[in-house]
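Novice: As you go down the protein sequences, you meet chains A and B in turn.
Each step along the first sequence adds one to the number in this note's numbering, with nothing skipped, and position 304 is 359.
Each step along the second sequence adds one to the number in this note's numbering, with nothing skipped, and position 195 is 250.
Protein chains: 2
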Amino acid sequence: MKKIVGGITAAKGFMAASTAAEIKYKDRKDMAMIFSKTPCKAAGTFTTNVVKAAPVKWDKQVVTESEFAQAVVINAGIANACTGEEGMAYCKQTADKAAELLNIPSDSVLVASTGVIGMQLPMDRICKGMEAMTPALDEALEAGHNAALAIMTTDTKEKEVAVEFEVNGVTVTLGGMCKGSGMIHPNMCTMLSFLATDLAIDKSLLQEALREVVKDTFNMITVDGDTSTNDTLLILANGLAGNDAITAKGKEYDTFVEALYYVCEFLAKKMAADGEGASKLFEAKVVNAKSKEDARTLSRAIVASNLSKAAIYGCDANFGRFLCAMGYSGAQFDERDVELFFESKEGRLQVFDKGTPIVFDEDIAAKILGADEVTIYVDMHEGNEEATAWGCDLTYDYVKINADYRS
Amino acid sequence: MKKIVGGITAAKGFMAASTAAEIKYKDRKDMAMIFSKTPCKAAGTFTTNVVKAAPVKWDKQVVTESEFAQAVVINAGIANACTGEEGMAYCKQTADKAAELLNIPSDSVLVASTGVIGMQLPMDRICKGMEAMTPALDEALEAGHNAALAIMTTDTKEKEVAVEFEVNGVTVTLGGMCKGSGMIHPNMCTMLSFLATDLAIDKSLLQEALREVVKDTFNMITVDGDTSTNDTLLILANGLAGNDAITAKGKEYDTFVEALYYVCEFLAKKMAADGEGASKLFEAKVVNAKSKEDARTLSRAIVASNLSKAAIYGCDANFGRFLCAMGYSGAQFDERDVELFFESKEGRLQVFDKGTPIVFDEDIAAKILGADEVTIYVDMHEGNEEATAWGCDLTYDYVKINADYRS
């Protein structure tokens with residue numbers, strides 16, 4: 056497997072377009088469309104929030120009930136969440152309009168929205184946006200890149216990635232893009248992420264691979280502990296690579312899962328590092344835990360703690376906050392087993408040794424914590440399982456962005 | 056029942072003292088002592104954090120195994136958490152020293168610490184502090200007030216309260232004080248709270264009353280979602296009011312519970328309003344929920360959400376964030392049943408009506424949210440249970456305080 060240049064249009068037969076539809080923003084592109092030349096197997100994972108946005112409900116139905124999907128219509132600015140029957144009707148209207156423009160069935164159109172909750176979509180602008188995008192659909196990497204820019208809300212950077220891997224001697228490509236910066240505490244998947252591959256694979260295996268990979272990638276990031284109403288991760292597989300379709304688990308399936316893991320982890324980490332107001336990527340790695348679930352719970356609690364996040368922002372070696380977060384995470388452990396280290400490109404320092412604080416050099420600690428990617432490494436000495444979670448620091452800018460998001 | 060002036064020394068026979076022991080702060084009092092002239096029945100609730108501070112472990116043992124308690128020694132600045140065997144030994148040394156000075160048994164001395172985790176207590180200063188405080192113990196309200204000031208860390212205001220009520224024609228007094236500003240997301244009780252009453256009551260009933268009342272008071276506040284390692288709520292009852300001891304549930308017990316509820320809610324709200332960096336008290340009231348537990352879960356999720364808290368700070372009527380928090384809280388509900396209102400002394404405004412957003416006047420909403428106490432009122436229309444939770448807004452100052460707490 057190797058990383059290549061590109062994003063959502065990297066795989067064969069995938070096209071993208073984007074436009075400034077003035078959904079909410081006045082001075083930038085805010086709609087995107089993804090289209091595959093041929094029908095795709097589709098899989099998805101969605102928010103576990105009880106309050107699900109209308110597009111989440113629509114896409115769940117398409118992914119489970121339609122044999123194929125072929126297009127995704129995305130808007131930024133308004134989330135179409137908490138919008139009642141009217142909001143649901145808008146998903147259908149969007150899909151019908153796209154179907155007409157693209158000459159495909161309505162039930163093969165996926166929709167996704169992100170932005171303010173509790174506002175209705177301006178359907179006239181959504182339709183005009185689709186009319187503008189349809190003739191502009193393009194396989195160029197640039198078209199994919201512009202789509203990644205168009206779906207951003209408070210993101211400061213576009214997020215895209217692509218890889219190539221071999222399946223039975225055939226080169227397969229997997230590309231993707233995502234957005235997400237606030238309301239990030241995914242539970243099943245995260246804000247909006249779209250993946251496209253030319254792999255030929257059974258639909259059920261595609262869904263299974265996605266569900267597995269999500270657990271250790273998108274579900275292991277957090278920005279603010281707020282699980283969104285709109286979390287959506289979709290993958291489209293059109294089979295145009297020409298490989299013999301993967302119909303059972305085995306070496307070829309594992310190769311795909313490895314590539315999928317790489318792409319999901321890459322995008323998830325980009326999202327964590329670009330968390331609202333973030334100045335650095337904050338990673339927690341927990342090793343030798345009793346169970347995989349414990350390792351996930353502990354590492355996620357560390358990066359989710361406001362106090363830990365503020366300490367990371369301040370480069371304050373206040374390691375008690377990480378232990379405190381582990382303590383209330385729900386996992387059971389004995390602090391007398393635990394070792395805790397700070398790590399970054401600036402070095403590695405142990406600060407806690409099996410129940411006892413270590414007297415350490417504050418200057419060295421501050422230097423390590425001053426890096427733009429910082430890891431809290433925890434050895435539980437209780438088993439063999441490990442997990443890594445990603446978040447970001449808590450800064451003044453997070454408050455600034457969210458004290459006045461709607462205007 | 057009526058509120059009276061006073062705090063921890065309001066009830067008969069309770070004395071307090073405080074001193075500047077230079078545990079961590081250089082320019083203020085940072086130790087306090089509570090002493091009852093006669094032995095007390097004691098009850099307590101403590102943090103559920105797996106990582107428990109040494110004083111929590113000590114106090115749990117005293118409360119469960121000792122027949123009586125008579126003194127509490129408190130320090131601010133260092134939490135004596137994550138300090139291993141050395142930290143546990145310091146609890147015993149503190150109790151032994153206090154026992155010697157006060158001429159009471161060691162196992163009737165409770166200890167409490169708050170401050171930085173992972174640092175050892177300077178025992179020489181702790182002992183000198185106790186030596187200074189013992190002769191200064193005083194029943195005056197002023198002595199209680201100074202104790203409430205001495206136990207503060209990042210608190211901006213001292214927190215104390217007292218009430219009087221009648222038990223079988225006898226006037227009983229209940230007073231209390233607490234501290235707490237950050238790392239506040241109590242689970243069993245909160246940071247440090249001390250209550251003292253001259254009521255005569257069975258020890259088991261005292262414990263039961265405390266456990267019940269805590270559920271809807273201290274356990275319903277949050278500042279930052281971080282459950283502390285040191286949460287401790289203690290109540291001492293010395294019986295000096297002279298009432299016939301309460302030995303069974305009934306009218307007299309209920310009267311006591313009512314007073315206890317008032318005092319705990321009063322202190323809990325003070326703590327929420329004085330959350331680190333807070334500019335206002337943020338209340339969520341959920342009514343007509345399916346179960347009491349649902350009502351608690353939903354109201355607490357609203358006040359715990361970073362995005363809700365930032366919106367409250369910005370007076371941004373972004374009600375979707377409250378619904379989003381309810382949605383990921385773990386409680387099950389149908390958004391098509393839910394009504395949502397903003398309330399404060401400036402007025403009341405409905406913003407969401409059974410699944411559908413209401414178009415409202417933004418100026419009116421901003422005025423309501425601009426008050427110093429703001430309530431999100433949610434009618435679930437699914438049952439008859441209700442609960443209220445308290446928190447505060449998320450401000451620049453929260454980040455500032457916590458990005459550099461130790462220095």
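Just so you know, even glycine gets a beta-carbon here, dropped at the ideal spot from N, CA and C.
1. Express the C-alpha separation of alanine 333(A) and alanine 339(A) in angstroms, rounding to a whole number.
2. Given this structure, state the Cα-to-Cα distance separating glutamate 437(A) from isoleucine 357(B), to the nearest angstrom.
3. What does DSSP give as the partner residue(s) for glycine 132(B) in the beta ladder?
4. Between lysine 152(A) and the rest of its own chain, which residues show a CB-CB distance below 6 Å, the 5 nearest in sequence each way excluded?
5. Where do the N-terminal and C-terminal ends of the alpha helix (DSSP H) with asparagine 439(B) fall, by residue?
6. Got a sec: is the Cβ-Cβ distance from isoleucine 419(A) to anything in chain B below 8 Å?
7. On the three-state DSSP scale, how would you describe glutamine 405(B)?
8. Please state the DSSP three-state secondary structure of lysine 152(A).
9. Please check the pair threonine 93(A) and leucine 295(A), which I expect to be a contact at CB under 8 Å, by giving their CB distance rounded to whole angstroms.
10. Would you decide whether threonine 169(A) is buried or exposed? Buried here means 16 or more other CB atoms lie within 10 Å of its CB.
11. Using 8 Å as the cut-off, can you tell me whether the segment 314–328 of chain A makes contact with the segment 427–446 of chain A, which would need three or more C-beta pairs spanning the two stretches below that distance?
12. Taking C-beta to C-beta, are valine 225(B) and asparagine 298(B) nearer than 8 Å?
13. Alpha carbon to alpha carbon, how far is serine 161(B) from alanine 154(B)? Give it in angstroms, no decimals.
14. What separation, rounded to the nearest whole angstrom, lies between the Cα atoms of lysine 455(A) and tyrosine 451(B)?
15. Would you report the Cα separation of aspartate 392(B) and valine 269(A), rounded to the nearest angstrom?
16. Given this structure, state the Cα-to-Cα distance separating alanine 442(A) from lysine 347(A), to the nearest angstrom.
17. Quick one: is glutamate 215(B) buried, meaning 16 or more other Cβ sit within 10 Å of its Cβ, or exposed?
18. Where does phenylalanine 374(A) fall in DSSP's three states?
19. Identify which residue in Asn293(A), Asp279(A) and Cys319(A) has its Cα closest to the Cα of aspartate 271(A).
20. Using CA atoms only, rank isn't needed, just tell me which of Glu417(A), Glu120(A) and Gly62(A) is closest to alanine 202(A).
21. Please compile the residues from chain B whose C-beta is within a distance smaller than 8 Å of the C-beta of proline 412(A).
22. For a contact defined as C-beta to C-beta under 8 Å, what are the partners of methionine 381(A) on chain B?
23. Pull up the DSSP beta-bridge partners for leucine 247(B), would you.
24. As an exercise, report each continuous alpha helix (DSSP H) stretch of at least 4 residues that is fully enclosed by the segment 261–324 of chain B, in chain order.
25. Would glutamate 194(B) count as contacting chain A if we go by Cβ distances under 8 Å?
26. Pull up the distance between the alpha-carbon of leucine 336(A) and that of leucine 362(A), whole angstroms please.
27. Return yes when the Cβ of leucine 288(B) is within less than 8 Å of the Cβ of serine 259(B), no when it is not.
28. Note down, in chain order, every chain B residue with its Cβ under 7 Å from the Cβ of alanine 167(A).
29. For cysteine 244(B) and chain A, any beta-carbon pair shorter than 8 Å?
30. Exposed or buried, which one is glutamate 197(B) when buried takes at least 16 other CB atoms within 10 Å?
31. Is DSSP giving tyrosine 432(A) helix, strand or coil here?
32. With 16 other CB atoms within 10 Å as the buried threshold, where does alanine 366(B) fall?
Specialist: On the basis of the coordinates in this document:
1. For the purposes of this step, residue 339(A) is taken as the residue at position 284 of the first sequence. For the purposes of this step, residue 333(A) is taken as the residue at position 278 of the first sequence. If you take the alpha carbons of alanine 339(A) and alanine 333(A), they lie about 16 Å apart.
2. Translated into positions along the first sequence, residue 437(A) becomes position 382. Translated into positions along the second sequence, residue 357(B) becomes position 302. Distance between the alpha carbons of glutamate 437(A) and isoleucine 357(B): 36 Å.
3. In the second sequence, residue 132(B) corresponds to position 77, counting from 1. In DSSP, glycine 132(B) forms a bridge with Gly170(B).
4. Position 97 of the first sequence, counting from 1, holds the residue named residue 152(A). The residues are Cys182 and Met185.
5. In the second sequence, the residue the question calls residue 439(B) occupies position 384. That residue, asparagine 439(B), is in no alpha helix (DSSP H); it is neither H nor E in DSSP.
6. For the purposes of this step, residue 419(A) is identified with residue 364 of the first sequence, where counting begins at 1. By this cut-off, isoleucine 419(A) is not an interface position.
7. By one-based count along the second sequence, residue 405(B) stands at place 350. Glutamine 405(B): strand per DSSP, three-state reduction.
8. Within the first sequence, numbered from 1, the residue matching residue 152(A) stands at position 97. Three-state DSSP puts lysine 152(A) in a helix.
9. Here residue 93(A) is taken as the residue at index 38 of the first sequence, counted from 1. Here residue 295(A) is taken as the residue at index 240 of the first sequence, counted from 1. About 6 Å; that satisfies the 8 Å criterion.
10. Looking up residue 169(A) in the first sequence gives position 114. Buried: at least 16 other Cβ atoms inside 10 Å.
11. yes
12. Locating residue 225(B) in the second sequence gives position 170, where the first residue counts as 1. Locating residue 298(B) in the second sequence gives position 243, where the first residue counts as 1. Going by C-beta atoms, valine 225(B) is nearer than 8 Å to asparagine 298(B).
13. As a position in the second sequence, residue 154(B) is number 99, starting the count at 1. As a position in the second sequence, residue 161(B) is number 106, starting the count at 1. One C-alpha to the other measures close to 5 Å.
14. Position 400 of the first sequence, counted from the first residue, corresponds to residue 455(A). Position 396 of the second sequence, counted from the first residue, corresponds to residue 451(B). Cα to Cα, the separation comes out at about 8 Å.
15. Residue 392(B) sits at position 337 when you count from the first residue of the second sequence. Residue 269(A) sits at position 214 when you count from the first residue of the first sequence. Cα-Cα distance, rounded: 32 Å.
16. Numbered from 1 along the first sequence, position 387 holds the residue referred to as residue 442(A). Numbered from 1 along the first sequence, position 292 holds the residue referred to as residue 347(A). Their backbone Cα atoms lie some 7 Å apart in a straight line.
17. If you number the second sequence from 1, residue 215(B) lands on position 160. It is buried - the Cβ of glutamate 215(B) has at least 16 other Cβ atoms within 10 Å.
18. Position 319 of the first sequence, counted from the start, is the residue given in the question as residue 374(A). Of the three classes helix, strand and coil, the one that applies to phenylalanine 374(A) here is coil, per DSSP.
19. In the first sequence, counting from the first residue as 1, residue 271(A) sits at position 216. The residue with the shortest Cα to Cα distance from aspartate 271(A) is Cys319(A).
20. On the first sequence, position 147 is the one that residue 202(A) refers to. Ranking the options by Cα distance to alanine 202(A), first place goes to Gly62(A).
21. Within the first sequence, the letter at position 357 stands for residue 412(A). Under the 8 Å cutoff, chain B gives Cys137, Thr138, Gly139, Gly173, Met174 and Gln175.
22. Here residue 381(A) is taken as the residue at index 326 of the first sequence, counted from 1. What methionine 381(A) touches in chain B: Val105 and Val106.
23. Along the second sequence, read from residue 1 onward, the residue named residue 247(B) stands at position 192. According to DSSP, leucine 247(B) bridges with Lys234(B) and Thr287(B).
24. none
25. Here the question's residue 194(B) lines up with position 139 in the second sequence. No, glutamate 194(B) lies away from the interface with chain A (no Cβ there is under 8 Å from its Cβ).
26. By 1-based counting over the first sequence, the position of residue 336(A) is 281. By 1-based counting over the first sequence, the position of residue 362(A) is 307. Near 15 Å, if we compare the C-alpha coordinates of leucine 362(A) and leucine 336(A).
27. Position 204 of the second sequence, counted from the first residue, corresponds to residue 259(B). Position 233 of the second sequence, counted from the first residue, corresponds to residue 288(B). No.
28. One-based indexing of the first sequence puts residue 167(A) at position 112. The contacting residues do not exist; alanine 167(A) stays about 17 Å from chain B at best.
29. In the second sequence, counting from the first residue as 1, residue 244(B) sits at position 189. Because the pLDDT at cysteine 244(B) is just 42, under 50, the model does not fix this residue reliably, and the value given afterwards should be weighed accordingly. So, not an interface residue.
30. To locate residue 197(B), count along the second sequence from 1; it is residue 142. Exposed is the call here.
31. Here the question's residue 432(A) lines up with position 377 in the first sequence. Reduced to three states, the DSSP call for tyrosine 432(A) is strand.
32. The residue you call residue 366(B) lines up with position 311 of the second sequence. The residue is buried, with at least 16 neighbouring Cβ atoms inside 10 Å.
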